[in-house]
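Here the sequence shown is numbered in numbering that gives the first Met the number 0, starting from 0 and rising by one per residue. Heads up, the beta-carbon is just placed ideally off N, CA and C, and yes, glycines get one too. Predicted model, so just to flag it, every value in this text is computed and none were measured. Below is one structure; the comments refer to it alone.
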Amino acid sequence: MSTLLKIEFTISEEEADEAGVFIAARVPHGWEETPDGDGRRITLYLEDHPLAMEMVKAFEARFPGSGVRWSEQESENWAMAWKDFFNPVNCGGTFTILPPWLENGSENGTTHIVIEPKMAFGTGHHPTTSLCLTTIGELAGRKAIAPGGAFLDLGTGSGILGIGLAKLGLTGIGLDTDPQAVVCARENIEANGVGSAMCTAVGSIDCLDPGLPFDIVVANILSGPLIEMAGDILAHVRPGGCLILSGILADRQKDAVAETYMRLGIGKPAIVVEGEWACLVWDRVGGHRRP
């Protein structure tokens with residue numbers, strides 16, 4: 000029977016953004032952050048034990064004194080492990096994210112997105128995910144996006160952002176370079192009843208037909224790829240469409256990302272910040288030029 004390695008350590012609030020970048024660069028799937036005194040407890044699971052033990056050593060070296068600890072856990076108990084700390088997440092007034100065991104069919108004024116916690120990033124707990132969903136809800140509220148529109152969810156992870164858009168009546172595609180994430184996204188898409196509205200594929204922006212237009216493009220990845228792919232991403236935003244970028248540290252990455260896109264002629268973004276993370280939003284993308 001296969002096992003997972005549960006890894007936990009505690010960091011200060013001052014180290015939280017650095018830890019997020021450190022983990023995201025090395026682990027292609029999710030982790031959980033929960034308050035722990037004056038800091039945060041990081042919890043993540045890895046399947047490959049040799050790789051997992053290397054990660055334990057890397058965390059210990061990078062964050063000495065963080066109390067890194069690990070334990071083996073049967074993989075069949077993955078969902079049970081999440082039950083210890085998975086609480087519903089409200090994203091603005093539009094969406095509520097919750098796991099299957101808390102879904103009772105009563106939406107109480109919000110649109111429910113049911114996510115089965117697995118190995119792919121995107122349970123709604125991370126600020127970048129909730130920032131994007133809140134922004135999507137606000138865009139829908141002021142009719143900047145509408146039913147019948149087309150979306151691209153770049154770096155779909157668990158599929159959560161695309162599912163939210165599909166539940167608002169849009170159709171589109173979720174792309175991710177991690178095959179495991181795409182499998183997880185497909186399961187969540189079917190569980191939310193939007194299988195006919197959202198398709199998935201393993202790949203990045205370059206796997207799309209050049210110039211294929213979308214009314215909204217959402218990319219919750221990292222600042223480096225957002226900068227590198229700026230021209231390609233913009234090529235897929237329909238004139239007058241919306242663009243949401245996240246996975247960006249507010250204090251030292253948002254300006255560089257914003258300036259890259261502004262140089263392509265789309266003007267200044269609205270910037271929404273939650274903690275150390277930022278979301279850049281253009282709600283009416285005009286003409287732009289290739290770099």
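With a 10 Å radius around its C-beta and 16 neighbouring C-beta atoms as the bar for buried, classify residue i as buried or exposed.
| i | result |
| --- | --- |
| Trp281 | buried |
| Leu294 | The chain is shown only over 0 to 290; residue 294 falls outside these bounds and no answer can be derived. |
| Cys206 | exposed |
| Trp291 | With the chain represented from 0 up to 290, any question about residue 291 goes unanswered, as that position is not in the structure. |
| Ser245 | buried |
| Asp214 | buried |
| Gly194 | exposed |
| Asn219 | buried |
| Gly240 | buried |
| Lys166 | buried |
| Ser65 | buried |
| Lys253 | buried |
| Ala60 | exposed |
| Asp208 | exposed |
| Gly292 | In the structure displayed, the chain extends from 0 to 290; residue 292 sits before or after that span and is not available. |
| Pro87 | exposed |
| Gly123 | buried |
| Glu71 | exposed |
| Pro178 | exposed |
| Ala119 | Below a pLDDT of 50, predicted positions are generally treated as unreliable, and Ala119, at 46, falls in that range; the measurement from the model is reported next regardless. Buried: at least 16 other Cβ atoms inside 10 Å. |
| Gly36 | exposed |
Can you pull the DSSP bridge partners for residue i?
| i | result |
| --- | --- |
| Tyr44 | Lys5 |
| Val88 | Ile96 |
| Asn219 | Ser245 |
| Ser11 | Gly38 |
| Ala295 | The chain is shown only over 0 to 290; residue 295 falls outside these bounds and no answer can be derived. |
| Val181 | In DSSP, Val181 forms no bridge with anything. |
| Phe213 | Val236 |
| Glu71 | Leu4 |
DSSP on residue i, reduced to helix/strand/coil?
| i | result |
| --- | --- |
| Leu130 | helix |
| Met313 | Since the displayed the chain opens at 0 and closes at 290, residue 313 lies outside it and no answer follows. |
| Glu273 | strand |
| Ile172 | strand |
| Glu115 | coil |
| His280 | Per the sequence presented here, residue 280 reads as Val, with His not at that position. The answer is strand: DSSP assigns Val280 an E or B state. |
| Ser203 | coil |
| Pro63 | coil |
| Glu102 | coil |
| Pro34 | strand |
| Thr110 | strand |
| Ile188 | helix |
| Lys253 | helix |
| Leu138 | helix |
| Pro268 | coil |
| Ala143 | coil |
| Met228 | coil |
| Thr259 | helix |
| Gly285 | coil |
Of the residues the options, which one's Cα is nearest the Cα of residue i?
| i | options | result |
| --- | --- | --- |
| Ser222 | Ala277, Asp35, Glu137 | Ala277 |
| Leu174 | Lys166, Ala184, His124 | Ala184 |
| Met197 | Gly171, Val284, Phe62, Lys56 | Gly171 |
| Pro63 | Trp30, Val88, Glu14 | Glu14 |
| Asp250 | Cys90, Glu275, Ala257, Ile265 | Glu275 |
| Ile270 | Phe21, Ala257, Gly264 | Ala257 |
| Pro126 | His235, Leu169, Gly19 | Gly19 |
| Ile204 | Met228, Glu189, Val182, Val181 | Met228 |
| Glu137 | Gly36, Gly264, Gly147, Ile243 | Ile243 |
| Trp69 | Leu4, Glu53, Phe150, Pro224 | Leu4 |
| Leu263 | Ala234, Gly123, Lys56 | Ala234 |
| Thr33 | Met54, Gly163, Ile10, Ala23 | Ile10 |
Which whole-angstrom value is the C-beta distance of residue i and residue j, which I expect to be below 8 Å?
| i | j | result |
| --- | --- | --- |
| Ser157 | Asn187 | 6 Å |
| Leu45 | Ile96 | Wrong, their Cβ atoms sit about 23 Å apart, outside the cutoff. |
| Leu130 | Glu273 | 5 Å |
| Ala143 | Thr93 | That pair is no contact at about 13 Å. |
| Leu153 | Val216 | 7 Å |
| Arg39 | Glu12 | 7 Å |
| Ile114 | Gly163 | Actually they do not touch by this definition, with Cβ atoms about 11 Å apart. |
Any Cβ of chain B within less than 8 Å of the Cβ of residue i?
| i | result |
| --- | --- |
| Glu115 | Although the question refers to chain B, the structure presented lacks it and comprises just one protein chain. |
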